[in-house]
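Here the sequence shown is numbered in my numbering, starting from 327 and rising by one per residue.
Here a beta-carbon is modelled for each residue, glycine too, at the ideal position from N, C-alpha and C.
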Amino acid sequence: MEIDRQRIQDDLRGIVRGDVLCDPVSRTLYSTDASIYELQPIGVVRPRSAADVVAIVRYASEHDLPIHPRGAGSGVSGESIGPGLVLDFSRYMRRMQMDRSDGRVVVEAGMTLAELNRSIRSSGRWFGPDPATRSITTMGSVLATNASGSHYLRSGSARDNICSLRVVTMEGELLNLSNHHPSQMGIPGRLARGLVSIRDQHRDCIEVENRGSPARSGYRFDGVIDADDNVDLAKFLCGTQGTLAVVVEATVKTEPIPKHRGIAALFFHRLESAARSAVIALNHGPVACDMIGRRLLGIARETERQFESMLPREAEAMLLLELQGESLAELSDRIEILKQELTRGPDGAFSATSSTDQATRDQYWKLCRRVTPRLGRLRGREMPIPFTEDIAVDPQRLPEALIAIQKTLRDHECTSTVFAHAGHGQLHIRPFLDLSKASDRDKIRQVATDVAEVVWKMNGQISVEHAAGLSRSALLPRQFGDYWLAMGQVKRLFDPHHRLNPGKLFGAVLQQPDENLRPIGDSIEVVSPARTLIEPSDRIVQQSRLQSAAIPQLPVMQHWPAGKMIDQVAQSCNGCGRCRTTAADERQCPVYRTMRDEESTPRAKANLLRGVLSGKIEVEALAGDRAKAVADLCFNCHQCRVECPSTVDIPKIVGELKAHYVSTNGLPLSERLFTRLDSIASIGAKLPRLSNFLLQNRIARWLAEQMFGLVSTRELPAIADTSFIRYAARRRWTKKINSEGTKVLYFVDHYANYHDPDIGRALAEVLQQNGIGLYVPTSQSGSGMARITAGDLKGARRIGRRNLRLLAEAIRNGYTVVATEPSAVLCLKHEYPNLFDDEDAYLVAENSYEACDFLVHLNHAGKLDLDLHMIDAHFAYHRPCHLRVLDPEIAAVELLKMIPGLQVEHVEGGCSGMAGTWGLQRRNYRNSLRIGWPMISAMRSSGIPIASTECSACKMQIEHAAGLQTIHPIKLLAYAYGRFPKVGEQLGLLKNDAS
């Protein structure tokens, strides 16, 4: 660590209670956001309170350090990155309080908008402005950018809903700002006097500026100074993009949640027709009016099956309108009238649909909010780049603007995506460019300028909703003309030394939009055991020669195929921050939801790897404790891979990060234990009574906790008297089957083999009921998933190679591989192809199934015996994380609902928090319960006495924390076939069934 950074870190840790991070790894994690830019900060501070912010600002002023306030880091213009001190409010400052008498809410800057609305929803109110990133964007960012979103027509923007702000000025003073008169004493009075004076000096150009987009951000005087010269400083600071003061808390207005809402989706053959129809639609009083172009509609159809039937393939544009009303009948009538008018004439929609049903309405809004982040799923080098996508024109001129902008892009040989809040004239255009090409990087500045020229000719503005940041600030002097001088005076009034977000929105030195780009295509050498995968870039080679050093080299241990090379996978994370969501209908990221720091996010792992590949972080740092701490915040649940808008394979990235540490340092003793539980269980199975005594003995458990980190408070599963494979040998299932017909090779996991052999026996009974042959090879090993999760890829490869030879040969002989443990199936289908680049790995992946999924496929083919006995019982089903990756259709629920009388309720509470052996470790025990608490609470409150799940680790958590007896679905099916009465005895079902 450089001397100045070490001194800054030591100084700040002495004066603030929050986190101070100046190490290379932390600085790299905060060097990017959702934009195309990268700037390494000197350090990162995560304040715990307003007092911390005051101390930081005073220290920065004394030492002439820039300050960059940051929320979720979801901005697309680089507004939250910079070379100074980054202040991350999202870690600790997330408190709020509501006054139910007037509906006002006091909220700290780090709380997300979605969390705020969830917290106050029970009062029947919400905060109205709803930017598309509301699930992750913080209230500080909402206020800094004057966020509005799709429902601006109903709720206005943030500045329309502000009451007061609590800010820290650049003098280091903590102030409460609202309405202030110039005659007041102190800093508020001085600021009010300054703004009144600037207004008086620049009255003409300010009046011109006041006619701009009503939803714009920036230094705005409209609605700020009344006839008596009272100045609403809170309103003025909204939209100033963190350049004038540091917002720590705000008091905002809320509004009643509408009683009835309905949507109309209209599809057009021409984009311009949709834009003209949007203008007509405004006569019907919509509260939202969004427009989506053809490319975005196509991406939505291709990336999510739910949108295939919703979006006609011939549509060039979709217009989504929302209306609301007090009466459902009146609302339905208004929607029908709207549809009739917009489907007539040459510009009329060729198809229209409408609904007042909440589920359908939410589905269409989900399309609007998530389709842009899903642009990252596009394959190929050219991607839609957000550098000129924040435009506002008069809604009446939107059709004309679209035509002109598209012509300009064609002149530059660019195509683009189109999204618009058409009702208030906001347009988001993203040109397709390949930033790994110098020629495309060179286009950025000219394309941005030419598009801006088109917008200005139509009396429009750029940099309206998404902040100016690093991508648009350089164009603003031309846009504002004489008003630029007034902006300079405002900046000097609030921040005379330009320490707060310097060079953004206003500044003497402004970055051009093609500077400080992420280093795409710029990499150190990457090698596999067999060959060089990536040659070092010229910059890396020249830098090494100048330093007389060896060219940095990163050895990798997984298979990275062409088109999905390690650098491409890392760069495919665009930093959108969707992995920071805490929405109840998503699971990513279970660790982040509990820890709430940047290191815990999936994107942090991509940023860490990208930092190594670009040479910003030394390869040797991956063997250090800081990089290991970041990598260890992933327990391989794969939820980010499923829910990431760009489907970045973060678990594979983490595998490389952990493997590098393990290859250098080896596994700690405790992790060696947890990755070899199957071997330990096989030893224990030779003396099961003694083993079970030790598992239940307090002294033995205490010793295991002290020596190996095995938590003593969690009950461990007993070791069975006879393992399943020994039982299978007695039943002669370990012999290969020579007959024709459907044959199954049962891949037995550690839990079913040593702890609950009844799972395997139940599967055997189900297969026999359906005339399916069973083969249980005795030479199989556990899947090795625990080793992969820990980073022991060499050990996992040894295990995997043996299993692949066995399984691939069986598949070629007509067998299908079936497992009852989800993690084992995921290992076969996803992890083995990452470890081995050979035909066997792909063959096994294609022919391996989870048991319930296999049986559901049989049923769909009409081959499953449906002669099932009635079971009069009620079960709460938990869906394991690994099954969400493997089976989007929830096969177990479909299977169990075939059983007469059986009631199955899918209780969705998120991740259980166990993550295999992760929750067995003492250091993770509390966080395991915290992560699993929503699921635990849902199970407890369901009122259902018995639970069901396929995952053995989830079963342990449910039984331990929710207190519900838990059973594998396959056991229930075997019991329903009348072949496994033991289940009825265990669950007390025999009495119910007899009655």
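For residue i, does the three-state DSSP call read helix, strand or coil?
{"i": "aspartate 768", "result": "helix"}
{"i": "tryptophan 502", "result": "The question names tryptophan, yet the displayed sequence has asparagine at residue 502. Residue state, collapsed to three classes: strand."}
{"i": "tryptophan 886", "result": "coil"}
{"i": "tyrosine 1303", "result": "coil"}
{"i": "arginine 372", "result": "strand"}
{"i": "phenylalanine 547", "result": "coil"}
{"i": "lysine 1317", "result": "Unreliable placement is indicated for lysine 1317, whose pLDDT of 49 sits below 50; the coordinate value is still reported in the next sentence. Helix, per DSSP."}
{"i": "glutamate 1398", "result": "Since the first residue of the chain shown is 327 and the last is 1321, residue 1398 is not available in this structure."}
{"i": "methionine 327", "result": "The pLDDT assigned to methionine 327 is 46, lower than 50, so where the model puts this residue is not dependable; a value taken from the coordinates is nonetheless given after this. In this structure, methionine 327 counts as coil in the three-state DSSP scheme."}
{"i": "phenylalanine 832", "result": "strand"}
{"i": "glutamate 1176", "result": "strand"}
{"i": "tyrosine 1203", "result": "strand"}
{"i": "proline 1014", "result": "helix"}
{"i": "methionine 709", "result": "strand"}
{"i": "proline 916", "result": "helix"}
{"i": "glutamate 535", "result": "helix"}
{"i": "methionine 496", "result": "coil"}
{"i": "serine 926", "result": "helix"}
{"i": "serine 461", "result": "coil"}
{"i": "leucine 1274", "result": "Note on identity: in this sequence residue 1274 is serine, with leucine being the wrong assignment. Strand."}
{"i": "arginine 844", "result": "coil"}
{"i": "lysine 978", "result": "helix"}
{"i": "glutamate 739", "result": "coil"}
{"i": "threonine 438", "result": "strand"}
Which word fits residue i, buried or exposed, when buried means at least 16 other C-beta atoms lie within 10 angstroms of its C-beta?
{"i": "valine 974", "result": "buried"}
{"i": "asparagine 1023", "result": "exposed"}
{"i": "leucine 1192", "result": "exposed"}
{"i": "glycine 807", "result": "exposed"}
{"i": "alanine 1320", "result": "Low local confidence applies: a pLDDT of 44 at alanine 1320 is under 50, so the model's placement there is unreliable, with the coordinate-based value given in what follows. With fewer than 16 other Cβ atoms within 10 Å, it is exposed."}
{"i": "arginine 485", "result": "buried"}
{"i": "phenylalanine 1019", "result": "exposed"}
{"i": "aspartate 349", "result": "buried"}
{"i": "tryptophan 1059", "result": "buried"}
{"i": "methionine 327", "result": "Here the model assigns methionine 327 a pLDDT of 46, short of 50, so the residue's position is not dependable, and the following value carries that caveat. Methionine 327 should be labelled exposed."}
{"i": "tryptophan 1028", "result": "exposed"}
{"i": "threonine 1048", "result": "exposed"}
{"i": "alanine 655", "result": "exposed"}
{"i": "leucine 1013", "result": "exposed"}
{"i": "leucine 305", "result": "Residue coverage of the chain in this structure runs from 327 to 1321, which leaves residue 305 outside it and unanswerable."}
{"i": "proline 1083", "result": "buried"}
{"i": "glycine 1289", "result": "exposed"}
{"i": "histidine 1232", "result": "exposed"}
{"i": "arginine 660", "result": "buried"}
Taking DSSP's pairing of strands, which residues face residue i in a bridge?
{"i": "methionine 312", "result": "One cannot answer for residue 312 here, as it falls past the ends of the chain, which runs 327 to 1321."}
{"i": "threonine 679", "result": "Ala591"}
{"i": "glutamine 650", "result": "Arg587"}
{"i": "tyrosine 1251", "result": "Answer by DSSP bridge pairing: none, since tyrosine 1251 is not bridged."}
{"i": "phenylalanine 745", "result": "Ile618, His754"}
{"i": "leucine 1003", "result": "Beta-bridge pairing links leucine 1003 to no other residue."}
{"i": "tryptophan 452", "result": "Glu581"}
{"i": "serine 490", "result": "Thr577"}
Contact defined as beta carbons within less than 8 Å: I believe residue i pairs with residue j. What is the distance between those atoms, to the nearest angstrom?
{"i": "glycine 1108", "j": "glycine 1126", "result": "Contact flag wrong, Cβ pair sits at about 10 Å."}
{"i": "serine 317", "j": "isoleucine 755", "result": "Nothing can be reported for residue 317: it is not among the residues displayed for the chain, which extend from 327 to 1321."}
{"i": "leucine 491", "j": "alanine 560", "result": "4 Å"}
{"i": "valine 557", "j": "leucine 597", "result": "Not confirmed; about 43 Å, so no contact."}
Item checked: Stretch-stretch touch, CB-based, cutoff 8 Å, three pairs: the stretch 701 to 714 with the stretch 753 to 773 -> yes
Check: Any contact of the stretch 1291 to 1299 with the stretch 1271 to 1279, i.e. 3+ C-beta pairs under 8 Å?
Finding: yes
Check: Between the stretch 1138 to 1146 and the stretch 1170 to 1179, do three or more beta carbon pairs fall short of 8 Å?
Finding: yes
Note to self: For the stretch 828 to 837 against the stretch 875 to 893, do three or more pairs of beta-carbon atoms, one drawn from each stretch, fall closer than 8 Å, so that the two count as touching?
What the structure shows: no
Notebook entry, point to check: Taking contact to mean at least 3 C-beta pairs separated by less than 8 Å, is the stretch 674 to 690 in contact with the stretch 634 to 646?
Noted result: yes
Note to self: If contact is defined by three or more beta carbon pairs under 8 Å, each pair taking one atom from either stretch, is the stretch 660 to 670 in contact with the stretch 576 to 594?
What the structure shows: yes
Next item on the list: Take every Cβ of the stretch 744 to 751, pair it with every Cβ of the stretch 470 to 490, and state whether three or more of those distances are shorter than 8 Å.
Entry: yes
Notebook entry, point to check: Would you say the stretch 520 to 539 touches the stretch 795 to 811, given that touching needs at least three Cβ pairs under 8 Å?
Noted result: yes
Notebook entry, point to check: If we count Cβ pairs, one from each stretch, closer than 8 Å, do we get three or more for the stretch 337 to 354 versus the stretch 781 to 795?
Noted result: no
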